[in-house]
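Undergrad:
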Amino acid sequence: MQRTIKLLKKENELRVIEDELDIYLEIAHLAYAEVKKKDGGMALLFTNVVDKKSGTKFEEPILMNVFGSYRRCELLFGRTIESIADEITKLLHMKPPVGFKDKLSMAGELFSLKNIFPKKLKGEGACQKIKYLEDNIDLHKLPILTTWEQDGGPFITMGQVYTQSLDGELVNLGMYRLQVYDKNHLGMHWQIHKDSSHFFDQYQKAGKKMPVCVAIGGDPLYTWCATAPLPYGVNELLMYGLIKKEPAKLVKSLTTPLYIPQDVDYVIEGWVDTNEIRVEGPFGDHTGYYTLKEPYPVMQVSAITTKKEKVFLATVVGKPPLEDKYMGWATGRIFLPLLKTTAPDLIDYHMPENGGFHNLIIAKMQPHYKGHAKQFMHAFWGAGQMSFVKHAIFLDENAPRLDNYEALATYILDRFTPKSLFISEGILDALDHSSPEILVGGKLGIDSTGAHKVEAPQLLGDEELLQRVQELVPEAVHLHQFMRRTKNPITVISLNKTRNVKECFKALIDLSTHIRVVVFVDEAKNDVYNSYMLIWRVTNNIDAARDIFISGLMLGVDGTNKTALDGFVREWPDDVDCTQSVVDALKQRGIWDLDDATYEKYQL
Ligand SMILES: Cc1cc2nc3c(=O)[nH]c(=O)nc-3n(C[C@H](O)[C@H](O)[C@H](O)COP(=O)(O)O)c2cc1C
Numbered sequence: 024m025q026r027t028i029k030l031l032k033k034e035n036e037l038r039v040i041e042d043e044l045d046i047y048l049e050i051a052h053l054a055y056a057e058v059k060k061k062d063g064g065m066a067l068l069f070t071n072v073v074d075k076k077s078g079t080k081f082e083e084p085i086l087m088n089v090f091g092s093y094r095r096c097e098l099l100f101g102r103t104i105e106s107i108a109d110e111i112t113k114l115l116h117m118k119p120p121v122g123f124k125d126k127l128s129m130a131g132e133l134f135s136l137k138n139i140f141p142k143k144l145k146g147e148g149a150c151q152k153i154k155y156l157e158d159n160i161d162l163h164k165l166p167i168l169t170t171w172e173q174d175g176g177p178f179i180t181m182g183q184v185y186t187q188s189l190d191g192e193l194v195n196l197g198m199y200r201l202q203v204y205d206k207n208h209l210g211m212h213w214q215i216h217k218d219s220s221h222f223f224d225q226y227q228k229a230g231k232k233m234p235v236c237v238a239i240g241g242d243p244l245y246t247w248c249a250t251a252p253l254p255y256g257v258n259e260l261l262m263y264g265l266i267k268k269e270p271a272k273l274v275k276s277l278t279t280p281l282y283i284p285q286d287v288d289y290v291i292e293g294w295v296d297t298n299e300i301r302v303e304g305p306f307g308d309h310t311g312y313y314t315l316k317e318p319y320p321v322m323q324v325s326a327i328t329t330k331k332e333k334v335f336l337a338t339v340v341g342k343p344p345l346e347d348k349y350m351g352w353a354t355g356r357i358f359l360p361l362l363k364t365t366a367p368d369l370i371d372y373h374m375p376e377n378g379g380f381h382n383l384i385i386a387k388m389q390p391h392y393k394g395h396a397k398q399f400m401h402a403f404w405g406a407g408q409m410s411f412v413k414h415a416i417f418l419d420e421n422a423p424r425l426d427n428y429e430a431l432a433t434y435i436l437d438r439f440t441p442k443s444l445f446i447s448e449g450i451l452d453a454l455d456h457s458s459p460e461i462l463v464g465g466k467l468g469i470d471s472t473g474a475h476k477v478e479a480p481q482l483l484g485d486e487e488l489l490q491r492v493q494e495l496v497p498e499a500v501h502l503h504q505f506m507r508r509t510k511n512p513i514t515v516i517s518l519n520k521t522r523n524v525k526e527c528f529k530a531l532i533d534l535s536t537h538i539r540v541v542v543f544v545d546e547a548k549n550d551v552y553n554s555y556m557l558i559w560r561v562t563n564n565i566d567a568a569r570d571i572f573i574s575g576l577m578l579g580v581d582g583t584n585k586t587a588l589d590g591f592v593r594e595w596p597d598d599v600d601c602t603q604s605v606v607d608a609l610k611q612r613g614i615w616d617l618d619d620a621t622y623e624k625y626q627l
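For the sequence shown, position 318 (counting from the first letter as 1) is numbered 341 according to the working numbering, and the numbering increases by one without interruption.
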């Protein structure tokens with residue numbers, strides 16, 4: 024972390040904030056605002072950290088937003104992301120050498136591979152200079168942040184969680200948030216689909232306690248590796264070796280059989296009693312909504328060790344854009360070659376930041392036969408963590424660049440008919456709040472690879488159309504039409520909902536000569552002109568099997584919050600908002616510097 028701070032300073036990518044700031048909301052709010060600035064703002068180092076409630080002043084600083092820009096990401100990886108993807112592509116396509124020159128170059132490549140395997144060192148590491156054992160263990164001595172007002176407590180947000188299988192053969196590194204319950208207990212939010220959860224099942228079946236080590240800091244690449252969606256059984260530290268061209272160097276933890284990188288800043292060691300389950304959450308998550316209280320395993324801390332001069336690394340999640348936009352960008356690029364092994368005619372894919380990763384993916388492919396795009400949809404929905412994707416749009420090779428949204432939306436809408444839709448069901452990210460049941464729900468695929476003959480509607484102005492809509496749907500408040508130049512303009516209507524939205528859609532069928540795609544959102548908290556946040560809201564809120572309606576050429580999308588009016592029986596969470604009094608106080612002290620227009624745009 025000290026080296027990272029030096030590097031960020033040298034590259035003019037670090038802002039040091041010396042004002043006294045609280046681990047409760049203040050620091051997280053400032054980091055949240057920073058990443059909304061142009062190009063992700065700066066990395067932030069908070070050097071005067073306090074816990075106002077207990078009167079604690081922490082000696083260590085907190086470092087945040089380290090991955091929060093494309094440039095910083097590549098600085099921390101130490102190379103371009105494309106060069107990593109190219110190297111993986113090369114490895115995947117290695118052929119037997121022909122001739123001496125070929126043999127030599129392959130020998131070089133294979134030789135460099137020996138460095139990918141983590142190396143176990145003897146003795147203690149730099150991360151074990153200071154030791155807290157038994158009665159000296161106290162998680163409250165660490166500057167662990169509370170991000171949002173409704174959070175269930177403080178959470179470690181950039182913990183590298185090291186676990187191993189029951190037989191010790193497989194090792195895993197994953198990033199899961201960890202809730203602080205008291206001075207020596209943490210909530211382990213490894214979701215049911217994740218590798219450490221699979222290990223947990225093995226220990227539970229065997230009736231044994233499970234060892235866990237949570238590391239914080241060290242080379243930031245460990246933290247990214249923890250988020251990498253490698254298949255079950257593959258140690259994510261191999262990725263570290265591949266990228267760095269040198270192995271991760273590990274030391275044994277003091278009170279568990281697990282090994283951790285020797286240069287991390289903190290290690291929290293412990294054991295999970297597989298008979299104990301506690302309520303975890305709520306937590307304002309990267310969907311921009313709170314994840315609600317759920318039962319999760321608990322770790323009893325058996326040791327905390329640290330470096331002499333440690334730095335606490337943290338992130339903040341909430342509404343996009345966030346630091347994980349940049350981490351996810353790196354993941355997307357690096358994993359493209361691997362995904363191509365399952366879907367060989369895939370050209371590229373992209374997860375727009377306001378689609379919250381799994382809520383929207385756009386992919387370009389080379390279609391070879393009828394139904395090819397649908398075959399890809401099934402492949403995506405069956406491939407590792409890609410299975411969490413809720414909405415996928417497939418385009419052919421002639422489509423514009425996947426990050427040219429205006430051109431892309433035109434391309435899609437000019438080809439779209441309700442026949443392009445494919446609605447299925449599958450597994451969902453545990454964070455999804457919209458499906459009628461947790462963990463499973465609707466999937467929406469759009470096949471934009473074919474050229475359909477599409478007729479344009481007869482357009483009306485927003486004001487006139489709103490008047491006509493209000494005659495049929497009196498609860499409509501605002502209306503705006505996007506992409507009017509295309510064959511399928513998108514009409515967004517905000518409502519004060521009084522009935523199931525399908526009834527509103529049916530009432531509008533009389534206007535089908537003027538409306539093609541109609542999206543309903545709640546009047547509260549939505550701005551019908553803000554396409555960025557509307558995409559965030561709607562892809563979060565819909566379950567395709569329930570919320571998509573078709574009548575002839577007209578398509579309806581119910582992006583409203585679901586209630587008893589919709590037969591929704593789960594609890595619907597709030598989206599995360601900054602605490603106004605905290606923002607006001609920071610403004611008064613001259614520390615808050617985000618302009619009001621950006622604050623409004625991203626609905627902080
Ligand atoms: C900031 C951030 C926080 C995350 N929090 C969690 C979490 O609390 N629980 C979880 O299961 N996954 C979480 N993830 C996603 C996992 O890190 C990711 O799915 C990873 O690939 C899991 O590793 P595994 O496949 O080895 O289990 C988070 C990712 C990021 C970037």
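Even glycine gets a Cβ: it sits at the ideal position worked out from N, Cα and C.
1. Under a Cβ-count criterion, where at least 16 other Cβ atoms within 10 Å of its own Cβ denotes burial, should N519 be classed as buried or exposed?
2. Please list, in chain order, all residues of the same chain as A430 whose beta carbon is under 8 Å from its beta carbon, the five residues on each side excluded.
3. Would you mind giving the Cβ-Cβ distance between Y349 and G146, rounded to the nearest angstrom? I have them listed as a contact below 8 Å.
4. What do you reckon, is the C-beta of K275 under 7 Å from a heavy atom of ligand 1?
5. Roughly how many angstroms lie between the CA atoms of M400 and V39, to the nearest whole one?
6. Roughly how many angstroms separate the alpha carbons of Q408 and K548, rounded to a whole number?
7. Measure from the alpha carbon of M24 to the alpha carbon of each residue in I565, P254, L99, then state which is nearest.
8. Measure the alpha-carbon distance for V194 versus G256 and round it to whole angstroms.
9. Name the two residues that bound the continuous alpha helix (DSSP H) containing L431.
10. Helix, strand or coil: how does DSSP classify G341 here?
11. Using the Cβ count rule (16 or more neighbours within 10 Å means buried), how would you classify P177?
12. With N563 as the anchor, note down where its beta strand (DSSP E) starts and where it stops.
13. Whole angstroms are fine: how far does the CA of R356 sit from the CA of A366?
14. M181 and T246 - do their beta-carbons sit closer together than 8 Å?
15. Shorter than 7 Å, the distance from the beta carbon of N138 to the closest heavy atom of ligand 1, or not?
16. Could you check where the beta strand (DSSP E) with K275 kicks off and where it finishes?
17. Ignore the nearest five residues each way along the sequence and tell me which others in K316's own chain have a CB closer than 8 Å to its CB.
18. Closest to V89 by C-alpha separation, out of Y263, V334, F591, would be which residue?
19. Tell me whether T170 counts as near ligand 1, meaning its Cβ is closer than 7 Å to at least one heavy atom of that ligand.
20. Could you pull out every residue in the same chain whose Cβ sits closer than 7 Å to the Cβ of I85, ignoring the five residues on either side in sequence?
21. Taking 7 Å as the cut-off, does the CB of W294 come closer than this to any heavy atom belonging to ligand 1?
22. Rounding to the nearest angstrom, what Cα-Cα distance links N584 and N564 in this structure?
23. Per the DSSP calculation, E317 is bridged to which residue(s)?
24. Give me the DSSP bridge partner(s) of Q202.
25. Excluding the five sequence neighbours on either side, which residues of its own chain have a C-beta within less than 6 Å of the C-beta of L629, listed in chain order?
26. Label G122 either buried or exposed according to how many other C-beta atoms from any shown protein chain fall within 10 Å of its C-beta, with 16 as the threshold for buried.
27. Which class does S447 belong to by DSSP, given the choice of helix, strand or coil?
28. Run through DSSP, which three-state label would F572 get?
29. Measuring CB to CB, does L37 end up less than 8 Å from L53?
30. A530 lies in the alpha helix (DSSP H); which residues open and close that run?
31. Round the Cβ separation of H309 and V340 to the nearest angstrom and send it over; I've been treating them as touching at under 8 Å.
32. Considering only heavy atoms of ligand 1, does any lie closer than 7 Å to the CB of H297?
33. If I measure Cβ to Cβ from T314 and keep anything under 6 Å in the same chain, skipping five residues before and after, which residues do I get?
34. Which residue comes first and which comes last in the alpha helix (DSSP H) that contains G355?
35. If I'm right that G468 touches F445 with Cβ under 8 Å, what's the distance once you round it to whole angstroms?
36. Taking 7 Å as the line, does the beta carbon of R38 fall inside it for any heavy atom of ligand 1?
TA: Working from what's here:
1. Position 496 of the sequence shown, counting from 1, holds the residue named residue 519. By the beta-carbon neighbour count (other beta carbons within 10 angstroms, threshold 16), N519 is exposed.
2. As a position in the sequence shown, residue 430 is number 407, starting the count at 1. For A430, where only same-chain residues beyond five positions count, the Cβ hits under 8 Å are P423, R424.
3. As a working note, residue 349 is residue 326 in the sequence shown. As a working note, residue 146 is residue 123 in the sequence shown. About 36 Å; that fails the 8 Å criterion.
4. For the purposes of this step, residue 275 is taken as the residue at position 252 of the sequence shown. No - ligand 1 has no heavy atom lying nearer than 7 Å to the Cβ of K275.
5. On the sequence shown, residue 400 is found 377 positions in, with the first residue counted as 1. On the sequence shown, residue 39 is found 16 positions in, with the first residue counted as 1. Their backbone Cα atoms lie some 46 Å apart in a straight line.
6. The residue labelled residue 408 in the question sits at position 385 within the sequence shown. The residue labelled residue 548 in the question sits at position 525 within the sequence shown. In a straight line, the C-alpha of Q408 is about 31 Å away from that of K548.
7. Taking the sequence shown and counting its residues from 1, one reaches residue 24 at position 1. It is L99 whose Cα lies nearest to the Cα of M24.
8. By one-based count along the sequence shown, residue 194 stands at place 171. By one-based count along the sequence shown, residue 256 stands at place 233. Here the alpha carbons of G256 and V194 stand approximately 7 Å from one another.
9. Along the sequence shown, read from residue 1 onward, the residue named residue 431 stands at position 408. Segment 428-438, the alpha helix (DSSP H) holding L431.
10. Position 318 of the sequence shown, counting from 1, holds the residue named residue 341. Of the three classes helix, strand and coil, the one that applies to G341 here is coil, per DSSP.
11. Within the sequence shown, numbered from 1, the residue matching residue 177 stands at position 154. P177 is buried by the Cβ-count criterion.
12. Start at 1 with the first residue of the sequence shown, and residue 563 comes out as number 540. N563 -> not in any beta strand (DSSP E); alpha helix (DSSP H) instead, spanning 554-564.
13. By 1-based counting over the sequence shown, the position of residue 366 is 343. By 1-based counting over the sequence shown, the position of residue 356 is 333. The alpha-carbon atoms of A366 and R356 are separated by roughly 15 Å.
14. Counting from one through the sequence shown, the residue named residue 246 turns up at place 223. Counting from one through the sequence shown, the residue named residue 181 turns up at place 158. Closer than 8 Å, so yes.
15. Position 115 of the sequence shown, counted from the start, is the residue given in the question as residue 138. Answer for N138: no, Cβ out of range of ligand 1.
16. Start at 1 with the first residue of the sequence shown, and residue 275 comes out as number 252. Annotation: the continuous beta strand (DSSP E) that includes K275 extends over 272-275.
17. Sequence index remark: in the sequence shown, residue 316 carries index 293 (1-based). So the qualifying residues of the chain are G175, V302, E303, G304, P305.
18. By one-based count along the sequence shown, residue 89 stands at place 66. V89 has its Cα closest to that of V334, out of Y263, V334, F591.
19. What you label residue 170 is simply residue 147 of the sequence shown in a count that begins at 1. False, no ligand heavy atom lies under 7 Å from that Cβ.
20. Numbered from its first residue, the sequence shown carries residue 85 at position 62. Closer than 7 Å at Cβ, skipping near neighbours: I50, F69, V72, P166, F335, A337.
21. Here the question's residue 294 lines up with position 271 in the sequence shown. No - ligand 1 has no heavy atom lying nearer than 7 Å to the Cβ of W294.
22. Counting from 1 along the sequence shown, the entry for residue 584 is found at position 561. Counting from 1 along the sequence shown, the entry for residue 564 is found at position 541. Roughly 6 Å between the two C-alpha positions.
23. Residue mapping note: residue 317 aligns to position 294 of the sequence shown, counting from 1. Partner(s): E303.
24. Here the question's residue 202 lines up with position 179 in the sequence shown. F178, G210, per the DSSP bridge assignment.
25. As displayed, the chain neither begins before 24 nor continues past 627, which places residue 629 out of reach and without an answer.
26. Here residue 122 corresponds to residue number 99 of the sequence shown, with the count starting at 1. Flag for G122 reads exposed.
27. The residue you call residue 447 lines up with position 424 of the sequence shown. Three-state DSSP puts S447 in a strand.
28. As a first step, residue 572 must be located in the sequence shown, where it is residue number 549. Secondary structure at F572: strand, using DSSP grouped into helix, strand and coil.
29. In the sequence shown, counting from the first residue as 1, residue 37 sits at position 14. In the sequence shown, counting from the first residue as 1, residue 53 sits at position 30. In this structure, L53 does not lie closer than 8 Å to L37 by Cβ.
30. Against the sequence shown, residue 530 aligns to sequence position 507. Here the alpha helix (DSSP H) through A530 covers 524-530.
31. In the sequence shown, residue 309 corresponds to position 286, counting from 1. In the sequence shown, residue 340 corresponds to position 317, counting from 1. The pair is a contact, with the Cβ atoms about 4 Å apart (cut-off 8 Å).
32. Stepping through the sequence shown from its first residue, residue 297 is reached at position 274. A small fix is needed here, since residue 297 is Thr in this sequence, not His. Answer for T297: no, Cβ out of range of ligand 1.
33. The residue you call residue 314 lines up with position 291 of the sequence shown. Cβ neighbours of T314 beyond the five flanking positions: G304, F306, D308, L454.
34. On the sequence shown, residue 355 is found 332 positions in, with the first residue counted as 1. Here the alpha helix (DSSP H) through G355 covers 346-365.
35. Counted from its first residue, the sequence shown places residue 468 at position 445. Counted from its first residue, the sequence shown places residue 445 at position 422. With a Cβ gap of about 4 Å, G468 and F445 count as contacting.
36. Position 15 of the sequence shown, counted from the first residue, corresponds to residue 38. Every heavy atom of ligand 1 is 7 Å or more from the Cβ of R38, so no.
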